[in-house]
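Protein chains in written order, with the numbering used here: chain A, 1 to 303; chain B, 304 to 606.
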């Protein structure tokens, strides 16, 4: 099953050096989840050959513009491009008023349904679940209410050892039960132990997205043992005071988070416009947490 | 005096084929006027090496998103980049509410003053005037209230023939009067006729911007004899019915407007996403009005 994230924007605050404000596209089993939507996200999707029409779920971490100013344009283009299937938005409550006001003044009645889910910025919660994935909020510490999102794959069914089942002439209608872990008694009375005829599916993986936040142990429990941690790393550590003042994190701190929560991999992004090149941010993070990568726009990272 | 326009976006409705939604930057005597501001305008400014900080006046034709969704991001970035001088916005009244709502939810208090001027969508009017230029609205015919803008250079002062004035020992303090067209009587009693000691300045030029509109003679008087007419040309003429339905213009019609109002040059833009290449639109317009050019992003056109 595919579980991977493509970076659409990696800049903090303002676009610069061909870096765009934050947006990421998560592909979980060929369903597409957009995480944040800075200005120009729809242009980035086109640039990287990704289809906006495949996105059914959008998650907005907070209402600083570099994380959502592209949303109204994306939704409008979906409308103009003929979308009819519903779109689900998980965001701070006010997003509904902001979008509605703009649709009103453009005299736009969407052809498709927008379904809103207002995120509680105080309590971590499971906010979404389907056959593939569970999404939980992460309560971050920013200047305005801000939540991250942890996407955890669902445990898949057991894999059948089909050759062995066929040798026993096990009827096809028994396969679903076996996939779910049941033992099987054949008509002749023989019992097939599930463990002998199936193997376990892969261990589910998780992706934690921490958009904008002060370094704060309060959210560590929500992201513990994740496979890939995306964490903002707006500044180098020599700018720690500025990071604190603006409720952001340094590259060194992002690495410390990854280490503390026992993440397998770290992806850093949300780079300040003061950094034309990013290698120093990467080196700083790697000095603490070697399995760090830079979030590079247009690049897809396996979770 | 410089009087030129740089195209930042030439696409209608949705961005496509590396074409962005509408925005133009007018340079009149090194003062900068932004006309419309589709999503990604701030990125386009950066891409073409133009400084957002130099823009003091923004004109928004109407509240369809492809003409203003980039405004909130541009204003936010100006704030983050330290702007303190006021910014003047000429737009439909509701823009104030739309911007205020978003600034409220991002807890942003701008460091600079936003000065709003609400455009009357019913009556053409002079809405702005400074030493260089006069701006008048053009009442267009679109699905929602929509105004174009006509920028007309102010007549410059007369040019002094300095060699002749020096030969007559005319004191410097008399030069301003001469520039304004006065004759001069010297202390000895000799009268210098203005026409002998000055020449007329260049004839003022005008730029008419017609963003989104149905072909409609009602606005022709507002743009008569302009030097450069920018006119939307969303479709080829074989799509005339679609153009009427969506209150847009075909390339042929844009050329007919230019011809009817006696424009010197025509610039066409706002191209539908159905046209990957634009040569057919250009050819169609030129068949009626040869002095037509395509609005190409990143290109600067002398008015």
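Cβ atoms here follow ideal geometry from the backbone N, Cα and C, with glycine treated the same way.
Alpha carbon of residue i to alpha carbon of residue j, nearest angstrom
| i | j | result |
| --- | --- | --- |
| residue 169 of chain A | residue 182 of chain A | 17 Å |
| residue 371 of chain B | residue 481 of chain B | 45 Å |
| residue 388 of chain B | residue 415 of chain B | 6 Å |
| residue 493 of chain B | residue 468 of chain B | 13 Å |
| residue 422 of chain B | residue 323 of chain B | 25 Å |
| residue 604 of chain B | residue 321 of chain B | 20 Å |
| residue 239 of chain A | residue 141 of chain A | 18 Å |
| residue 121 of chain A | residue 431 of chain B | 45 Å |
| residue 505 of chain B | residue 546 of chain B | 39 Å |
| residue 449 of chain B | residue 411 of chain B | 29 Å |
| residue 95 of chain A | residue 161 of chain A | 49 Å |
| residue 208 of chain A | residue 156 of chain A | 20 Å |
| residue 216 of chain A | residue 235 of chain A | 16 Å |
| residue 25 of chain A | residue 5 of chain A | 6 Å |
| residue 221 of chain A | residue 269 of chain A | 21 Å |
| residue 654 of chain B | residue 77 of chain A | Not covered by the structure: residue 654 of chain B. The range shown for chain B is 304 to 606. |
| residue 580 of chain B | residue 33 of chain A | 32 Å |
| residue 280 of chain A | residue 61 of chain A | 27 Å |
| residue 256 of chain A | residue 574 of chain B | 50 Å |
| residue 153 of chain A | residue 409 of chain B | 32 Å |
| residue 72 of chain A | residue 39 of chain A | 9 Å |
| residue 500 of chain B | residue 452 of chain B | 37 Å |
Residue-level contact to chain B via CB, residue i, 8 Å cutoff
| i | result |
| --- | --- |
| residue 107 of chain A | yes |
| residue 46 of chain A | yes |
Limits of the alpha helix (DSSP H) - the one that residue i falls within
| i | result |
| --- | --- |
| residue 560 of chain B | 554–563 |
| residue 399 of chain B | 398–408 |
| residue 376 of chain B | 374–383 |
| residue 243 of chain A | 240–245 |
Endpoints, beta strand (DSSP E) assigned at residue i
| i | result |
| --- | --- |
| residue 49 of chain A | Where residue 49 of chain A is concerned, there is no enclosing beta strand (DSSP E), given that its DSSP letter is neither H nor E. |
| residue 431 of chain B | 429–432 |
| residue 223 of chain A | Run containing residue 223 of chain A: none in the beta strand (DSSP E); it sits in the alpha helix (DSSP H), 220–223. |
| residue 308 of chain B | 306–312 |
| residue 137 of chain A | 133–139 |
| residue 116 of chain A | 114–118 |
| residue 230 of chain A | 228–232 |
| residue 33 of chain A | 31–37 |
| residue 328 of chain B | 326–331 |
| residue 91 of chain A | 87–91 |
| residue 206 of chain A | 206–210 |
| residue 56 of chain A | 55–59 |
| residue 604 of chain B | 603–605 |
Partner residues on chain B for residue i, Cβ-Cβ distance less than 8 Å
| i | result |
| --- | --- |
| residue 77 of chain A | 316, 317, 318 |
| residue 81 of chain A | 317 |
| residue 143 of chain A | 410 |
Minimum Cβ-Cβ distance from residue i to chain A less than 8 Å
| i | result |
| --- | --- |
| residue 346 of chain B | yes |
| residue 368 of chain B | yes |
| residue 572 of chain B | no |
| residue 376 of chain B | yes |
Within chain C, partners of residue i - CB distance below 9 Å
| i | result |
| --- | --- |
| residue 97 of chain A | Considering every chain present, this structure includes no chain C. Its protein chains are A and B. |
Per-residue contacts from residue i into chain A (C-beta, under 8 Å)
| i | result |
| --- | --- |
| residue 373 of chain B | 39 |
Residues that residue i contacts on chain B, provided the C-beta gap is smaller than 7 Å
| i | result |
| --- | --- |
| residue 94 of chain A | 408 |
Partner residues on chain A for residue i, Cβ-Cβ distance less than 7 Å
| i | result |
| --- | --- |
| residue 387 of chain B | The contacting residues do not exist; residue 387 of chain B stays about 17 Å from chain A at best. |
*Along the chain, which unbroken stretches of the beta strand (DSSP E) at least 3 residues long are found entirely within the stretch 149–199 of chain A?*
The stretch 149–199 of chain A contains no whole beta strand (DSSP E) run of 3 or more residues.
*Which parts of the stretch 259–296 of chain A are runs of the beta strand (DSSP E), unbroken and 3 residues or longer, counting only runs that do not cross its ends?*
Runs of the beta strand (DSSP E) inside the stretch 259–296 of chain A: 265–269, 292–294.
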